[in-house]
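Peer 1:
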Amino acid sequence: MKKKFYITTPIYYPSANAHIGHAYCTTMCDIFARNKRIRGYETYFLTGTDEHGEKIQKNAEKVNKTPQEFVDEIANNFQNLWRTLKISNDDFIRTTEERHIKVVQQVFSHLYQNGDIYLGNYEGWYCTPCESFWTETQVGEEHLCPDCHRPVHKDKEEAYFFNTKKYLPDLLRFMDEHPKFITPITRKNEMMNTFIKPGLEDLCISRTSFDWGVPILENPKHVTYVWMDALTNYISALGYLNENDSLFKKFWLDEETEIIHVVGADISRFHIIYWPMFLKGLNLRFPDRIFVHGLLDLNGEKMSKSRGNVVSPLPLIERYGVDALRWFLAREFSFGSDGRFTPELFVERINLDLANNLGNLVNRTLTMINKYFDGIIPSHNQNMRDLDKNLGDLLVKTVDEYESLMDDLKITESLAKVMELLGAANKYIEESEPWTLAKASDISGLENVMASLANVIINATMMLECCLVETAPKIYQQFGLSKKQHSYEFVKEFNHLAGTKISKGNPLFPRLKKDEEIAYINSISQH
Ligand code: MSP
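Numbering (this note's numbering), first residue to last: 1 to 527.
See below:
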């Protein structure tokens, strides 16, 4: 495994406020970044907003604002939302910032001088909401955008093109030699069959029909077409071409850094095909991984800002807390597959995992430590039974599985392993019957059970902390731990807590009343 990590979300269009589909990708990247930092790896986590383009210009006009005023407000809302969701990004790049614009212009010039870009005429089917040109075959007989399924129109204009033939062999070779470059693997096959095998078209990278974009220095009536502008954020944010580019050296040039772009299925084409080609043209290395996640729908319908069919994260967070939303997003469906948000699934998931499995275990354990040991966590002794030892063994096995799944971006599966461990700990209470041990005054037996439970809970919490950012500190506090005692270096230790004084607090996740909460969530979803 590499030693450093650079992880990015796509930069979001600030054409309307964020919905939970946007919160999804950012939360998953945050979990990964936090996990790496907790485990001691240097990590840089980037997100931001993609502020140029015709659609933004039009949306701003509709509300009588300049495009800049319009994007300032929404970019600010995105940043506030990330703060509320406890997103630990190291930087937030906006494509209207000078530091970015300069790099886009230089990237264009460089590729132009290389002979990778030429001036031509574009004629094709254009989808305004997606800002994408499509070919005859892609739009089909009904002339609908293959991405958003809205009608497209014929359009023609002078434009610059990026020659995709030149670097295709490099890209294909890289794909073959790096099986983890595109995950899940189905996404690679999809790319090959839909775009590469039928013959890749050159990419239009400039427009003249609107001016809300980065002007091309060589021919300023052109602005760069949004994708070239947008993709460049991943290097402009690190200070590429800037004298003060230590971040770029550290997180891009250094081969010891694993570069991971996480993107939704609808935009994977740009990241998998064109972005590596731009990088090749700039003589820069390819990212290590493009992880493609699925899309989240709402009650079975596509979530879309323009259709007004969205759930906003803020009211959910206000009522259920940051961790409930983060948990649902991470755990409900496998990262990489499509998923569904319904009020029922949300309430059930919180009750099942957080109220019952985690919450009850913490609550029961603290109650018993108070009752049997006056609130002091005991130590294991020599008389450990197989039952106790097995739980310790399961902990070690879980940590190994959790780490390797997380490293492979199987975030859902990795958190699920921790839930299995907590499930086993709940079962262990039933099987070890502390109440019977107490009746028989078997103090050494009770010590082992309470020590086992406390250690498993705390070590599981260390693994969950990257997702449950507000709950983990509460658990540490209720178990009376100092920072050192919940340091990840002890994650496999089964006896590192003895002697601390617990202070039981309120239940972590009170069980939600299903019908009431479903009605509430329905009331906050826009239709
Ligand atoms: N601006 C471009 C990305 C440029 S990256 C160099 C863009 N912006 S977007 O705001 O439309 O989408 C940003 C990301 O949000 C995409 O990865 C997209 O897949 C994701 N999502 C938008 N709606 C989503 C869901 N309903 N579910 C999951 N992710 C969703 O595309």
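Glycine included, every Cβ here is placed at the ideal spot set by N, Cα and C.
Any idea what DSSP makes of K250, helix, strand or coil?
Peer 2: Translated into the one-based positions of the sequence shown, residue 250 becomes position 250. In this structure, K250 counts as helix in the three-state DSSP scheme.
Peer 1: Contact between the stretch 322-335 and the stretch 430-441 is defined here as three or more beta-carbon pairs at a separation below 8 Å; is this criterion met?
Peer 2: Result no; under three Cβ-Cβ pairs closer than 8 Å.
Peer 1: Are the beta-carbon atoms of R187 and S88 separated by less than 9 Å?
Peer 2: Working through the sequence shown from its first residue, we reach residue 187 at position 187. Working through the sequence shown from its first residue, we reach residue 88 at position 88. No, the Cβ-Cβ distance between R187 and S88 is not below 9 Å.
Peer 1: Going by alpha carbons, who is nearest to R285 out of E301, E516, K65, I260?
Peer 2: For the purposes of this step, residue 285 is taken as residue 285 along the sequence shown, with counting starting at 1. Ranking the options by Cα distance to R285, first place goes to I260.
Peer 1: How would you call S482, buried or exposed, if buried means at least 16 neighbouring beta carbons within 10 angstroms?
Peer 2: By one-based count along the sequence shown, residue 482 stands at place 482. With fewer than 16 Cβ atoms within 10 Å of its Cβ, S482 is classed as exposed.
Peer 1: Who pairs with S206 in a beta bridge, going by DSSP?
Peer 2: Here residue 206 refers to the residue found at position 206 of the sequence shown. According to DSSP, which records beta bridges pairwise, S206 is partnered with T224.
Peer 1: From G339 to D176, what distance separates their C-alpha atoms?
Peer 2: Numbered from 1 along the sequence shown, position 339 holds the residue referred to as residue 339. Numbered from 1 along the sequence shown, position 176 holds the residue referred to as residue 176. The straight-line gap from Cα to Cα measures roughly 29 Å.
Peer 1: With a threshold of 9 Å between beta carbons, is N455 in contact with chain B?
Peer 2: Absent from the structure is chain B; it holds one protein chain and no more.
Peer 1: Does the Cβ of S15 have 16 or more other Cβ atoms within 10 Å, making it buried, or fewer, making it exposed?
Peer 2: Position 15 of the sequence shown, counting from 1, holds the residue named residue 15. Counting Cβ neighbours within 10 Å, S15 comes out buried, since at least 16 surround it.
Peer 1: What separation, rounded to the nearest whole angstrom, lies between the Cα atoms of E98 and E255?
Peer 2: As a position in the sequence shown, residue 98 is number 98, starting the count at 1. As a position in the sequence shown, residue 255 is number 255, starting the count at 1. Approximately 28 Å between the Cα atoms of the pair.
Peer 1: Relative to the alpha-carbon of C148, which residue among K250, D266, V104, T232 has its alpha-carbon at the smallest distance?
Peer 2: Counting from 1 along the sequence shown, the entry for residue 148 is found at position 148. Measuring from the Cα of C148, the nearest candidate turns out to be D266.
Peer 1: Could you give the uninterrupted runs of the beta strand (DSSP E) lying entirely in the stretch 312-367, keeping only those of 3 residues or more?
Peer 2: Within the stretch 312-367, the complete beta strand (DSSP E) runs of at least 3 residues are 339-341.
Peer 1: Our contact map puts A454 next to I376 with C-beta atoms below 8 Å; I'd like the distance itself, whole angstroms only.
Peer 2: Position 454 of the sequence shown, counted from the first residue, corresponds to residue 454. Position 376 of the sequence shown, counted from the first residue, corresponds to residue 376. The Cβ separation is near 10 Å, so there is no contact.
Peer 1: Is it the case that the Cβ atoms of S525 and V310 are separated by a distance below 9 Å?
Peer 2: Walking along the sequence shown from the start, residue 525 turns up at place 525. Walking along the sequence shown from the start, residue 310 turns up at place 310. Cβ atoms of S525 and V310: closer than 9 Å.
Peer 1: Taking N17 as the reference, give the member of F278, L405, K492, S312 with the closest Cα.
Peer 2: For the purposes of this step, residue 17 is taken as the residue at position 17 of the sequence shown. For N17, the nearest C-alpha among the options comes from S312.
Peer 1: By the 10 Å Cβ neighbour count, where 16 or more other Cβ atoms means buried, how is H222 classified, buried or exposed?
Peer 2: Mapped onto the sequence shown, residue 222 falls at position 222. Buried is the call here.
Peer 1: Under a Cβ-count criterion, where at least 16 other Cβ atoms within 10 Å of its own Cβ denotes burial, should Y118 be classed as buried or exposed?
Peer 2: Indexing the sequence shown from 1 puts residue 118 at position 118. Exposed, by the Cβ-count rule.
Peer 1: Note down, one range per segment and in chain order, each alpha helix (DSSP H) of at least 4 residues found wholly within the stretch 260-314.
Peer 2: Within the stretch 260-314, the complete alpha helix (DSSP H) runs of at least 4 residues are 275-281.
Peer 1: In terms of residues, what are the limits of the beta strand (DSSP E) holding F32?
Peer 2: As a working mapping, residue 32 is identified with position 32 in the sequence shown. F32 -> not in any beta strand (DSSP E); alpha helix (DSSP H) instead, spanning 20-38.
Peer 1: Evaluate H153 with the Cβ neighbour count: other Cβ atoms within 10 Å of its Cβ, from every protein chain shown; 16 or more gives buried, anything less gives exposed.
Peer 2: If you number the sequence shown from 1, residue 153 lands on position 153. With fewer than 16 Cβ atoms within 10 Å of its Cβ, H153 is classed as exposed.
Peer 1: Assuming contact is defined by CB atoms lying nearer than 9 Å, are V104 and L282 in contact in what I supplied?
Peer 2: For this step, residue 104 is matched to residue 104 along the sequence shown. For this step, residue 282 is matched to residue 282 along the sequence shown. No, the Cβ-Cβ distance between V104 and L282 is not below 9 Å.
Peer 1: Is W435 helix, strand or coil by DSSP?
Peer 2: As a position in the sequence shown, residue 435 is number 435, starting the count at 1. Helix, per DSSP.
Peer 1: Using only the heavy atoms of the ligand MSP, determine whether one of them is closer than 8 Å to the beta carbon of W227.
Peer 2: To locate residue 227, count along the sequence shown from 1; it is residue 227. Yes, the Cβ of W227 comes within 8 Å of a heavy atom of the ligand MSP.
Peer 1: Comparing alpha-carbon positions, which option in D400, G140, L144 lies nearest P129?
Peer 2: Your numbering for residue 129 matches position 129 in the sequence shown. Comparing Cα-Cα distances from P129 to each of D400, G140, L144, the minimum goes to L144.
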